[in-house]
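Novice:
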Amino acid sequence: MAASLATPATAATAPATDFDAIIIGAGMSGMYQLHRLRELGLKVRVFEAGSGVGGTWYWNRYPGARFDSESYSYGFSFSQELLDDWNWSEHFAPQPETLRYLNHVADRFDLRRDMQFHARVAAAHFQAASGTWEVTLEDGSRHSARYLITAVGPLSAPTLPRFTGMDDFKGQSFHTARWPHEPVDFTGKRVAVIGTGATGVQTIQEVAKTAGQLTVFQRTPNWCAPLLNSKITEEEQREIKASYPAIFQRCQETFGCFLHTPDPRNTFDVTPEEREAFLEQLYASRGFGIWVGNFSDMLTNPEANAVVSDFVARKIRQRVKDQAVAELLIPKNHGFGTRRVPLETKYYEVYNQPNVKLVDIRATPIERITAQGLQTSAAEYAFDIIIYATGFDALTGAFDRIDIRGEGGQSLKEKWSEGAETLVGMLAEGFPNMFMLLGPHTALGNIPRSIEFNVEWVTALLKHMQAQGQTRVAARPAAVNAWMDHVMDCAKGLLAMEVDSWMTGVNSNVEGKQVRRIARYTGSAPAYRAWAQDIAAKGYQDLALR
Ligand code: N01
364 MAASLATPAT AATAPATDFD AIIIGAGMSG MYQLHRLREL GLKVRVFEAG
414 SGVGGTWYWN RYPGARFDSE SYSYGFSFSQ ELLDDWNWSE HFAPQPETLR
464 YLNHVADRFD LRRDMQFHAR VAAAHFQAAS GTWEVTLEDG SRHSARYLIT
514 AVGPLSAPTL PRFTGMDDFK GQSFHTARWP HEPVDFTGKR VAVIGTGATG
564 VQTIQEVAKT AGQLTVFQRT PNWCAPLLNS KITEEEQREI KASYPAIFQR
614 CQETFGCFLH TPDPRNTFDV TPEEREAFLE QLYASRGFGI WVGNFSDMLT
664 NPEANAVVSD FVARKIRQRV KDQAVAELLI PKNHGFGTRR VPLETKYYEV
714 YNQPNVKLVD IRATPIERIT AQGLQTSAAE YAFDIIIYAT GFDALTGAFD
764 RIDIRGEGGQ SLKEKWSEGA ETLVGMLAEG FPNMFMLLGP HTALGNIPRS
814 IEFNVEWVTA LLKHMQAQGQ TRVAARPAAV NAWMDHVMDC AKGLLAMEVD
864 SWMTGVNSNV EGKQVRRIAR YTGSAPAYRA WAQDIAAKGY QDLALR
């Protein structure tokens, strides 16, 4: 059975209806945007391909999926009642808990009555004469609205490898982001995992607990660091509840909206002994501290980066018994933190287990999937289950999958074929009345913090337009150019820009996405917000409003 990226069948065709706003996606962005637009008295409809709310946390049900931002920094911050009545059980909550949380949010704010599930949007075309958007679902039904709001997620378009024979496999196979809703039993089974990004690492360390034989096919090792998750004690719970204002205030101040912020010192400002002690302390602290709370020059100065990479490489050698395997797990083509750092729980120790084998598919590439398993250039393998942890067509992939056309019938996919162009990641020139939540060039980091900012910015703009009696908004070309110059400037000198990853827009499985580009905003979240707030503060002169 081949892994499928298909979604469940669509519901019966609903009659065409007019709305003030159509939101695509019922993940965290779509949910919060719906809540805010209702407060403006707008008639809103959310179209969601899945059967429930949750977006990322709805789709990514793979074993071991969990937060790597501290739970209490990740939840919505906009409602005190919501903060009061939800208790996170762990410092980094597992996916089922997060999905329960998001269903709780949907219940508490009665969100589902304006949502249509099993409703995948196929096309959205701007109608110049009326200044509205016509949205077509995959089932053929058509709906129109004045405003189109994309809440499609930056990492939501999963991609499978393009191996021959994928349809021939007789066992079960899954992409991690299209995981079945029923539990999958690995007990005693022969399991393959292809991919060792943040998803692969979480999956591998969980599946290794029960699989009869787990074989990991690794193309590029990543630098992983300890998550150090634990249950939240009653005392910690009380402390968290009392500290919410301070927690969210801190998130507003840090580079990526995480609780961690870079150390002001440069790597070589301190003695080798102080450096080692500081790195030991980071390695023993929970969460992203070692990535985003490290020395200030770690992500820009190659010598500084080499010091941290060497430190983490030593840890890997200590944790993995077979030194040949340890060497395979140590990245050689990029430095620490220049790709997204997967956070792990005994990931490296998994390779000390007798039931786990690591295969380097750079040395011995996968040649094809077979009926029984797969074949590399060196050997044939038989499996009961193949798991594709092969990632996403990031940032623009979810847009590319919808036929979005703006003024003059211009296709967004074509416009962005050489790279996305936006104004603060939320507007695109030539696409009036369309707003993107977490579009390309928004600050990512601790994502819900960016979501809340994006939603509130769009809501404030629509409120302003309501007050002025305006119904059409478009990004001015000069404003887009100035913003894009800023986006390019931010990326200069970053070691991450010299590395292939979804963060530089590279996906080997997608035609035309083999070239690195500036696909995301690499400045700080406060700088991002300042630019967007400035547009509002200056009376939206960067936008053509009428
Ligand atoms: O995807 P990835 P991901 N043949 O692109 C390999 C977020 N996230 O789903 O590196 C063989 O990072 C590919 O190999 P290579 C987080 O932001 C958050 O893991 O291209 N291998 C790589 O190893 C993260 O960064 C959480 O050489 C192939 C892997 O598949 C983002 O999502 C948890 C291949 C893909 O790694 C994406 O992570 C999980 C092929 N044809 C994810 N194609 C949280 O904890 C791809 N690969 C919140």
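Each residue of the sequence shown is one higher than the last, beginning at 364 in my numbering. We put the CB at the ideal spot given by N, CA and C, even for glycine.
1) If you run the structure through DSSP and keep just helix, strand and coil, what is Q479?
2) Looking at D863 and ligand 1, is the gap between the Cβ and the nearest heavy atom below 8 Å?
3) If you draw a straight line from the alpha carbon of L786 to that of V843, how long is it in whole angstroms?
4) Could I get the ranges of all uninterrupted beta strand (DSSP E) runs contained in the segment 708-763, with 3 residues as the minimum, in chain order?
5) Please report how far the alpha carbon of I724 lies from the alpha carbon of H538, in whole angstroms.
6) I'd like to know if the segment 520-527 and the segment 758-775 are in contact, where contact means that at least 3 CB-CB pairs between them fall below 8 Å.
7) Please state if the CB of L577 and the CB of V713 are separated by a distance shorter than 9 Å.
8) Tell me the DSSP secondary structure of T562 in three-state form.
9) Helix or strand or just coil, what does DSSP make of S864?
10) S780: buried (16+ other C-beta within 10 angstroms of its C-beta) or exposed?
11) Taking the alpha carbon of N450 as the point to measure from, which residue in E597, R731 and A640 has its own alpha carbon closest?
12) Cβ of N423 within 9 Å of Cβ of T513?
13) Would you call N715 buried or exposed, if buried means 16 or more other Cβ atoms sit within 10 Å of its Cβ?
14) By DSSP's criteria, D497 is part of a beta bridge. Which residues make up the other side?
15) Can you say whether S672 is buried or exposed, counting buried as having 16 or more other CB atoms within 10 angstroms of its CB?
16) D766 lies in the beta strand (DSSP E); which residues open and close that run?
17) Residues in the same chain with beta-carbon distance under 8 Å from H544, minus the five sequence neighbours each way, listed in chain order, please.
18) Ordered along the chain, which non-local residues of its own chain (more than five positions away) have a Cβ less than 6 Å from that of G560?
19) Can you give me the start and stop residues for the alpha helix (DSSP H) that A837 sits inside?
20) What are the boundary residues of the alpha helix (DSSP H) that Q686 is part of?
21) Is it the case that the segment 453-467 contacts the segment 736-756, given that we only count it when at least three CB pairs across the two stretches are under 8 Å?
22) Mind checking H398: buried by the 16 CB within 10 Å criterion, or exposed?
23) Can you find a heavy atom of ligand 3 that lies under 8 Å from the Cβ of A752?
24) Can you check DSSP and say which residues form a bridge with S774?
25) Does E792 pass the burial test, meaning 16 or more other C-beta atoms within 10 Å, or should it be called exposed?
26) Are the beta-carbon atoms belonging to L446 and K604 less than 9 Å from one another?
27) Please state if the CB of Y751 and the CB of I898 are separated by a distance shorter than 9 Å.
28) What is the residue span of the alpha helix (DSSP H) that Q581 lies within?
29) Between which two residues does the beta strand (DSSP E) harbouring R408 extend?
30) Among L500, A571 and V675, which one has its Cα closest to the Cα of I387?
31) What does the Cβ neighbour count give for P589, buried or exposed, with the cut at 16 atoms within 10 Å?
32) Can you give the Cα-Cα distance for A845 and S606, rounded to whole angstroms?
33) From the DSSP output, in three-state form, read off H804 for me.
34) Ends of the alpha helix (DSSP H) at H538?
35) Using a Cβ cut-off of 9 Å (strictly closer), state whether L465 contacts chain B.
36) Does the distance from the C-beta atom of M789 to that of L775 stay below 9 Å?
Specialist: Considering the structure as presented:
1) strand
2) yes
3) 5 Å
4) 719-723, 729-732, 736-739, 743-745 and 748-751
5) 19 Å
6) yes
7) yes
8) helix
9) coil
10) exposed
11) E597
12) no
13) exposed
14) The residue you asked about is not Asp; residue 497 is Glu in the sequence shown. Paired residue(s): H488 and S507.
15) buried
16) D766 to R768
17) R424
18) G754
19) No alpha helix (DSSP H) contains A837, which is instead part of the beta strand (DSSP E) from V836 to A838.
20) Q686 to L692
21) no
22) buried
23) Looking for ligand 3 in the displayed structure turns up nothing; the ligands present are ligand 1.
24) R768
25) buried
26) yes
27) no
28) Not the alpha helix (DSSP H): Q581 falls in the beta strand (DSSP E), residues Q576 to Q581.
29) V407 to F410
30) L500
31) buried
32) 39 Å
33) coil
34) Counting along the chain, H538 falls outside any alpha helix (DSSP H), though it belongs to the beta strand (DSSP E) covering Q535 to H538.
35) Absent from the structure: chain B. Only one protein chain is present.
36) no
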